[in-house]
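Here is the structure we will look at.
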Amino acid sequence: MYQYNEVDQKLVDERVEQYRDQTRRFLAGELPEDDFLALRLMNGLYVQRHAPMLRVAGPYGMYNSTQLRKLAHIARTYDKGYAHFTTRTNLQFNWPKLEEVPDILAELASVQMHAIQTSGNCIRNTTTDQFAGVIADEIEDPRPYCEIIRQWSSLHPEFAYLPRKFKIAIAGGPTDRAATQVHDIGLHIVKNDAGEVGFEVLVGGGLGRTPVIGQQIRSFLAKEDLLSYLEAIIRVYNLNGRRDNKYKARIKILVKAMGVDAFRELVDAEWEQIRNSDLKLPLAEIERVKNFFTPFEYDEAAATDTSLEQKLAKDESFRTWYERNTVEHKEAGYRITYISLKPYLKPAGDVTDAQLDLIADLADKYSFGEVRATHNQNLVLADVKNSDLYQVWQVLAESDLARPNIGTLTDMTVCPGGDFCALANAKTLGIADQINRKFEDMDYVHDLGDLKLNMSGCINACSHHHVGHIGILGVDKKGEDWYQITLGGDDGSNAALGKVMGKSVASDEVADTLQKVIEVFVEQRFENERFIDTFHRIGMAPFKEYVYAPAN
Amino acid sequence: MPLLINRKVVEDNWTLINDDAFSEEGAVPAGDIIVPLALFTEHKESLAARNNQVAIQVNGNDDLTQVLENLEQFPLIAIDFPAFRDGRGFSIARLLVRAEYKGEIRATGDIGQDRLAYMERCGFTAIQISDDLFKPEMLNAFEEMSNYYQSATDSVRAVYHQ
């Protein structure tokens, strides 16, 4: 994992003092509310329905145990004892006091963390594959490039006031686990015919009110041109993106309006001017940053373990968890291990201070002291020995972190919704509970296989309902919460936007409606077929027909 | 209105004018003037007859092609920030520097303390701040951060070249 040097540390320390002064000026009435708004947003602070919300950056999802313990301490000391992992792999505190935020930022800086650019119309946290560096199918570990982008984009003087927020995601290989096609810029690490490793670049993807799948703007970009090309795209966007309507201000609208070919021409013309400037990345710098992400010293003896097989044969609950919540590691004798943050009847992505401490201990003891957050709001211990899995499972299970539901219907991605968020049109948490009650039988849920369910409380789509195999969108109808259901979305390598199934359903009918959708799936499914594949094969009509059939 | 050059408040010899100056009751003031681009284009000939210097003010809505092709014509180019959130001016300044513009690049409009350092980094050589927003402590803003990761238009080199 990346470790700060003096330059990094000084930057976050100075930033804390700068924000302390900004807060002081605001509280003293010297800084107008509107100006402070833009500044606090650039430090991750929103004002929500009940209290301010502070969003802490988890750079490309990486956290170490020291940082997790600090986050636990902050949750205990400055908040109500819990925190929330987001779909941008960041961490939110929901109840900090505005005047204590500078102190919280100082605590964060002491463990090489910050909240810089976690909100506001600037370049946000770059996200990537939660299996970076430990999965066999990747071409190269994307994290060094994420870190290089983090540094380049942090406090970028030209791009702090873009037309709208700007999100970049990188996939390390052919399998897209970072939803890159629904980002402002998506980067895919690819190998060209000459065997050189570089990036395929997509632009103009995004969700929110106008969901769009990104389009290819460049089939191959050399590594050393990464920053100059990003800068060219964002400069063209900064100068040409719409400023008159914040709902039409994302880059996707500009790319759509111009057409990707015309947009590419502008970018290429700009890029020609800067590609041989200071922005050209020295290969030595890429190597330097790569050195922070070299593989751990894995224990060769781990591959000879036989205890795992014995435990799997003996303990059915353990086996269920193992099959659902762990993934093959590129090193024999190790597993990539999920920590499920989707327990029964509790908010998705929430962790308590005690759980954070416990996860930190597990990371130290069993996974080289590191934890990753996923864009589906779970956590990952990336390097657990087979022989340790049983123990890890037992500890996780005691703390309600081992629900064997990763990738299933109850592994829902859910925003805080109308209970917390000022933007929401409808509540989400109660609906998630309703669905959990309906689909409580885990054997049944497992039999349904991989199924991605995403629910957002408004059209801003923070929970990416457009790319759920099943998406649920909360809408307001004359003061009541109603829910629109979409089918067929996907944020993987075959990214697609879900289509609306039909008229929205009342809040007490959501789980029953889902049940009907699932019944059609079970009825029509080929053996072991995934929901999304059945949907593609049979189309919307059978679902629509059955769900909206008049009761008789 | 206070004008900052080299992080110090200096005397300002320029007057920014608007369309009132060209109306029937109005009059274009004597001395050096800054004229918004649209007005400048409209009144090019009468302005060319003046003895004093004439500069232009541009913003993100202007087509800058003509300006970039005739840079040597302008002793000063003001870039307007019509609203706090409008960041186009940062990119425009960089384009001027890249085109080797040698005159003064001045920021005008909605400018608070918290963007002064960014403006300097993007190539502004003068920053005009409205009376109600200006406070002498604002000048501390230039010193708040002592290092940056990325290169821009100032002398800071990208961290990987440092």
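Each protein sequence line maps, in turn, to chains S and H.
Under the working numbering, think of the first position of the first sequence as 19, with each following residue one higher.
Under the working numbering, think of the first position of the second sequence as 71, with each following residue one higher.
Positions of the beta carbon are idealized from the N, C-alpha and C atoms, including for glycine.
Would you decide whether residue i is buried or exposed? Buried here means 16 or more other CB atoms lie within 10 Å of its CB.
| i | result |
| --- | --- |
| residue 136 of chain H | exposed |
| residue 162 of chain S | buried |
| residue 47 of chain S | exposed |
| residue 80 of chain S | buried |
| residue 114 of chain H | exposed |
| residue 30 of chain S | buried |
| residue 185 of chain S | buried |
| residue 71 of chain H | exposed |
| residue 231 of chain H | exposed |
| residue 220 of chain H | buried |
| residue 74 of chain H | buried |
| residue 270 of chain S | buried |
| residue 183 of chain H | buried |
| residue 97 of chain S | buried |
| residue 143 of chain H | exposed |
The beta strand (DSSP E) that contains residue i, what's its start and end?
| i | result |
| --- | --- |
| residue 71 of chain S | 70-74 |
| residue 204 of chain S | 203-209 |
| residue 82 of chain S | 80-82 |
| residue 233 of chain S | 233-240 |
| residue 495 of chain S | 488-495 |
| residue 316 of chain S | No beta strand (DSSP E) holds residue 316 of chain S; DSSP gives it neither H nor E. |
| residue 101 of chain S | 100-103 |
| residue 78 of chain H | 78-80 |
| residue 502 of chain S | 498-505 |
| residue 217 of chain S | 215-221 |
| residue 13 of chain S | Only positions 19 to 570 of chain S appear in this structure, which leaves residue 13 of chain S out of reach. |
| residue 559 of chain S | No beta strand (DSSP E) contains residue 559 of chain S, which is instead part of the alpha helix (DSSP H) from 559-565. |
| residue 189 of chain S | 186-189 |
| residue 75 of chain H | 73-75 |
Starting from residue i, trace the alpha helix (DSSP H) both ways and give me its first and last residue.
| i | result |
| --- | --- |
| residue 251 of chain S | 244-258 |
| residue 113 of chain S | From DSSP, residue 113 of chain S is part of no alpha helix (DSSP H); its letter is neither H nor E. |
| residue 280 of chain S | 278-292 |
| residue 51 of chain S | 51-59 |
| residue 328 of chain S | 325-332 |
| residue 307 of chain S | 301-308 |
| residue 171 of chain S | 161-171 |
| residue 553 of chain S | 549-556 |
| residue 37 of chain S | 24-45 |
| residue 463 of chain S | 460-466 |
| residue 536 of chain S | 528-542 |
Please state whether the Cβ-Cβ distance between residue i and residue j is less than 9 Å.
| i | j | result |
| --- | --- | --- |
| residue 399 of chain S | residue 380 of chain S | yes |
| residue 233 of chain S | residue 273 of chain S | yes |
| residue 250 of chain H | residue 204 of chain H | Lying outside 71 to 232, the shown extent of chain H, residue 250 of chain H is not represented and no answer is given. |
| residue 296 of chain S | residue 169 of chain S | no |
| residue 365 of chain S | residue 432 of chain S | yes |
| residue 520 of chain S | residue 486 of chain S | no |
| residue 202 of chain S | residue 223 of chain S | yes |
| residue 112 of chain S | residue 71 of chain S | yes |
| residue 106 of chain H | residue 150 of chain H | yes |
| residue 136 of chain S | residue 164 of chain S | no |
| residue 404 of chain S | residue 325 of chain S | yes |
| residue 244 of chain S | residue 141 of chain S | no |
| residue 181 of chain S | residue 62 of chain S | no |
| residue 443 of chain S | residue 494 of chain S | yes |
| residue 440 of chain S | residue 119 of chain S | no |
| residue 230 of chain S | residue 200 of chain S | yes |
| residue 424 of chain S | residue 343 of chain S | yes |
| residue 147 of chain S | residue 156 of chain S | yes |
> Which runs of the alpha helix (DSSP H), 4 residues or longer, sit entirely within the stretch 417-458 of chain S?
Replying inline: 447-456
> Listed from N- to C-terminal order along the chain, which residues in the stretch 106-133 of chain S have their beta-carbon within a distance smaller than 8 Å of any beta-carbon of chain H?
Replying inline: none
> Using a beta-carbon distance cut-off of less than 7 Å, what residues from the stretch 165-198 of chain S approach chain H?
Replying inline: 169, 170, 172, 173, 174, 175, 176, 178, 179 and 180
>> Just to confirm the assignment: which complete beta strand (DSSP E) runs, minimum length 3, are found wholly within the stretch 169-206 of chain H?
In response: 174-179 and 196-198
> Going along the stretch 144-161 of chain H in order, which residues come within less than 7 Å of chain S, judged by CB to CB distance?
Replying inline: 154, 155, 156, 157, 158, 160 and 161
> When you check each C-beta in the stretch 19-36 of chain S against every C-beta of chain H, which residues fall closer than 8 Å?
Replying inline: 25, 28, 29, 32, 33, 35 and 36
> Can you list the alpha helix (DSSP H) stretches of 4 or more residues lying completely in the stretch 324-399 of chain S, in chain order?
Replying inline: 325-332, 334-343 and 371-384
>> At 4 residues or longer, what runs of the alpha helix (DSSP H) sit wholly inside the stretch 104-163 of chain H?
In response: 107-112, 114-118 and 135-139
>> Which residues of the stretch 202-216 of chain H have a Cβ closer than 7 Å to any Cβ of chain S? Give them in chain order.
In response: 214, 215 and 216
>> Please list, in chain order, the residues of the stretch 256-289 of chain S that have any C-beta partner in chain H closer than 8 Å.
In response: 256, 257 and 261
> Between the stretch 44-56 of chain S and chain H, which residues of the former have CB atoms less than 7 Å from a CB of the latter, in chain order?
Replying inline: 52, 53 and 56
> Using a Cβ cut-off of 7 Å, which residues of the stretch 216-230 of chain H contact any Cβ in chain S, in chain order?
Replying inline: 216, 217, 218, 219, 220, 221, 222, 227, 228, 229 and 230
>> For the stretch 161-193 of chain H, list every residue whose C-beta sits within 7 Å of some C-beta in chain S, in sequence order.
In response: 161, 164, 168, 182, 184, 188, 191 and 192
> Name the residues in the stretch 419-433 of chain S whose C-beta lies less than 8 Å from a C-beta of chain H; which are they?
Replying inline: none
> Which residues, taken in chain order from the stretch 122-142 of chain H, show a beta carbon closer than 8 Å to some beta carbon of chain S?
Replying inline: 130
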